[in-house]
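Accompanying notes for the structure given below.
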Amino acid sequence: MKLVKSLLLGSAAGLCAGAGAQAADLPMRKAAPVEYVRVCTAYGAGFFYIPGTDTCLRVGGRARFEYQFTQQNTRASSVSGYRGLARINIDARTQTPYGALRAFVRIEVASRTGGYLKSGTAERYALSFTASGQDTFNQAQKFVEVDKAFVQFAGLTAGRAQSFFDFYSGDVEMIGSGNYSSTNTNLFAYTATFGSGFSATVAAEDPTARRNPVFLSAQAGTVGLAAGAAPAAQNGVNFLSGAIPFGFVAVARNAAGIPTAAVALDVGQRNNMPDFVGALRYDAAWGSAQVSGAVHEIRVGTYNGGNPSAPFTATPFAVGAGAAAAAAAVVANAQVPSAAYGFAFQGGLKINVPQLAPGDQLWLQGAYAQGASSFTGAFNPPGTETNTSGITNRFVVNQDDAVVDSFGRIHKTETFSVSGAFLHYFTPEVRGALFGTYAQVNYDAALRTGVTGPAGITGGAAVVNPFNPTLKSFEVFYGGGNLIWSPVRDLDIGVEVVYERINIAGRVADNNKGGTAAAGATVVGGTGRTTSFDDNILARFRVQRDF
236 MKLVKSLLLG SAAGLCAGAG AQAADLPMRK AAPVEYVRVC TAYGAGFFYI
286 PGTDTCLRVG GRARFEYQFT QQNTRASSVS GYRGLARINI DARTQTPYGA
336 LRAFVRIEVA SRTGGYLKSG TAERYALSFT ASGQDTFNQA QKFVEVDKAF
386 VQFAGLTAGR AQSFFDFYSG DVEMIGSGNY SSTNTNLFAY TATFGSGFSA
436 TVAAEDPTAR RNPVFLSAQA GTVGLAAGAA PAAQNGVNFL SGAIPFGFVA
486 VARNAAGIPT AAVALDVGQR NNMPDFVGAL RYDAAWGSAQ VSGAVHEIRV
536 GTYNGGNPSA PFTATPFAVG AGAAAAAAAV VANAQVPSAA YGFAFQGGLK
586 INVPQLAPGD QLWLQGAYAQ GASSFTGAFN PPGTETNTSG ITNRFVVNQD
636 DAVVDSFGRI HKTETFSVSG AFLHYFTPEV RGALFGTYAQ VNYDAALRTG
686 VTGPAGITGG AAVVNPFNPT LKSFEVFYGG GNLIWSPVRD LDIGVEVVYE
736 RINIAGRVAD NNKGGTAAAG ATVVGGTGRT TSFDDNILAR FRVQRDF
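Read in this note's numbering, the sequence shown has 399 at position 164, and its numbers run on one by one without any break.
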């Protein structure tokens, strides 16, 4: 038995030795070293090197819940609104002989319901997908937005970024909707840094997001005049008063100045020239200062018989027997209004006031524009907040960069705004802000002047409707405050209350009180249900986590 065990052990040892000798003859393969993620300290906290590259990457984002309660001015509007928002930030930077090469991307996706920041403007910009059910249409939306996506290299910025015209853009507010410019757009810019805190930027920016409509003074709700028809049978009072048919411009007039032929003008704007923006900025330990300017083109289309998709072929509207043929020749040679150029200027100041508390800030800003209202933000509350909050339910205000009168002349709208905000830290965990903006919108008074028509048709009286808000100047006030608690880093829990008010020049019919204006100076029912203002109160609650 011992002999058998000895033989077996010896055989096993021999096999092991042989196997070891064969393994020693095979080439050895060294395991690849494990490359761990390394922290990148060159660009601040949160960056790390992408394995195998010299590019530093930071990934961050945001999750937010918001609830808004709105004063109900009409039963047609919702008083409650909800929004859940997700944001992803990606910041990639690589050091080169020319400085840092940076790419930044920010994507936002949100679900919002009820009377909450769902403006017609946002829908027109195709930012949202609206539910179509009976109880969800215009009450539930999905929002998808490429908020930012730009490349920076050697002073160049190219892509989608915030306009270089902007300075204070609601920085201390929960939701910046006051009268100031806060616009993300596609742009190409160059920034020169001079040292000692001074820098200057010139930029060519996409004008699409900056446009407000061009209004035709003929868009006063008048009835179209059939070709060759007598004016008295076709709402001739409005036609002869200068308020010619909807969307039309007079291209022929008689000796008395009365329109005898009119043709449709396409006022839809297309991309032609970019907005040219320039800014000079100074940054120091005490704060920042900036002056900026912009030029914005206003260009209407051509006369096209009311069909924007086809060249002009239709017979023009004309007055009197045989007038149509004569008017056709006039229309053929009618001059399309030349392009107009709006402009804007802005000055802003940010002052750090650590004497009160670390992190305290004071912001002051003013802007003026003609034909470039987006740069002053004068239409912001009526154009965004108030479409959802109900502030303009009592009446309608026009929000137009320019107006084409019945002679085909372009009148630029004048706007200006002032803004102020103060941020204070009561403790490192509790902060609050007070903010307010004021804006004024002024339309050329000549656009509202009545025209006296010949006796027997208008009775020799000027046709003026004092309760018609069309092209009336107005002013907007937006202000409020917030209080935010941050119990731990990057977590905000806060409330904000905002008051909005629009004052319109003169008095207009109050739609919420049945005050429909008649064609003349009499209000239907004789009750005098008019108003000169509309206002609203909004309250917001937010929980937000940044990472």
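Think of the CB as a built atom: it goes at the ideal place given N, C-alpha and C, for glycine as much as any other residue.
Item: I need the DSSP call for A607, collapsed to helix, strand or coil.; Value: coil
Item: Taking the C-alpha atoms as reference points, what is the distance between T672 and V638?; Value: 26 Å
Item: Could you check if P332 is buried or exposed, using at least 16 other CB atoms within 10 Å of its CB as the buried criterion?; Value: exposed
Item: A361 to L584, Cα distance in whole Å?; Value: Unreliable placement is indicated for A361, whose pLDDT of 48 sits below 50; no coordinate value is reported for it.
Item: For the beta strand (DSSP E) holding L682, just list the boundary residues, first then last.; Value: Careful: L682 lies outside any beta strand (DSSP E) and carries neither H nor E.
Item: Just to confirm, are N414 and Y713 a CB contact at a threshold of 9 Å?; Value: yes
Item: I'd like to know if the segment 420–434 and the segment 401–412 are in contact, where contact means that at least 3 CB-CB pairs between them fall below 8 Å.; Value: no
Item: Within its chain, find whatever has a CB closer than 6 Å to the CB of G612; leave out the 5 residues flanking it on each side and keep chain order.; Value: N414, Y415, S416, S652
Item: Return no unless some Cβ of chain C is closer than 9 Å to the Cβ of F399.; Value: Absence of chain C from the displayed structure is noted, only one protein chain being present.
Item: Am I right that S608 and D640 are in contact with their C-beta atoms under 8 Å? What's the rounded C-beta distance?; Value: Wrong, their Cβ atoms sit about 18 Å apart, outside the cutoff.
Item: Is F709 near V676, with beta carbons less than 9 Å apart?; Value: yes
Item: Helix, strand or coil: how does DSSP classify N615 here?; Value: helix
Item: If we ignore side chains and look at the alpha-carbon of each, how far apart do F430 and Y678 end up?; Value: Reading off the sequence, residue 430 comes out as Gly, not Phe. Spanning the two alpha carbons is a distance of roughly 43 Å.
Item: Can you find the residues in the same chain that come closer than 6 Å, C-beta to C-beta, to V526, ignoring five residues on each side of it along the sequence?; Value: L515, G582
Item: Helix, strand or coil: how does DSSP classify T443 here?; Value: helix
Item: What's the call for N419, buried or exposed, on a 16-neighbour Cβ count within 10 Å?; Value: buried
Item: Ends of the beta strand (DSSP E) at N414?; Value: N414 -> no beta strand (DSSP E), and no H or E assigned at all.
Item: Can the beta-carbon of R299 be found closer than 9 Å to that of R780?; Value: yes
Item: Pick helix, strand or coil for N633, following the three-state DSSP scheme.; Value: coil
Item: Please classify T392 as buried or exposed, where buried requires at least 16 neighbouring CB atoms within 10 angstroms.; Value: buried
Item: If you run the structure through DSSP and keep just helix, strand and coil, what is N746?; Value: helix
Item: So what does DSSP say about R359, is it helix, strand or coil?; Value: At R359, the pLDDT of 45 sits below 50, so the modelled position is not reliable; the number obtained from the coordinates is stated separately. In this structure, R359 counts as helix in the three-state DSSP scheme.
Item: Please return the same chain residues whose Cβ sits closer than 7 Å to the Cβ of G349, not counting the five positions on each side in sequence.; Value: S313, S315, G316, Y317, Q374
Item: Would you mind stating whether R328 and L336 have Cβ atoms separated by less than 9 Å?; Value: yes
Item: Do you know offhand how far S767's Cα is from A668's?; Value: 30 Å
Item: Give every residue of the same chain whose Cβ lies closer than 6 Å to the Cβ of V379, excluding the five residues on either side of it in the sequence, and list them in chain order.; Value: V344
Item: Should G760 be labelled buried (16 or more other beta-carbon atoms within 10 Å of its own) or exposed?; Value: Any reading at G760 is ruled out, since the residue's pLDDT is 42, under 50, leaving its predicted position unreliable.
Item: Taking the DSSP output, what are the residues bridged to W598?; Value: K585, A656
Item: With 16 other CB atoms within 10 Å as the buried threshold, where does S398 fall?; Value: buried
Item: Helix, strand or coil for A514 per DSSP?; Value: strand
Item: Tell me A389's beta-bridge partners as DSSP assigns them.; Value: Partner(s): none; A389 has no beta bridge.
Item: Hey, how far is the Cα of K383 from the Cα of A681?; Value: 42 Å
Item: Nearest to R666 by alpha carbon, out of H646, A366, L718?; Value: L718
Item: My assumption, with CB atoms under 8 Å, is that V407 sits in contact with L658. Please give the rounded CB distance.; Value: 4 Å
Item: Which partner residues does G715 have in the DSSP bridge list?; Value: F670, V733
Item: Compute the distance between the beta-carbons of Q711 and N747, then report whether it is under 9 Å.; Value: Residue identity differs from the one stated: residue 711 is Val in this sequence, not Gln. Not a contact, by the Cβ cut-off of 9 Å.
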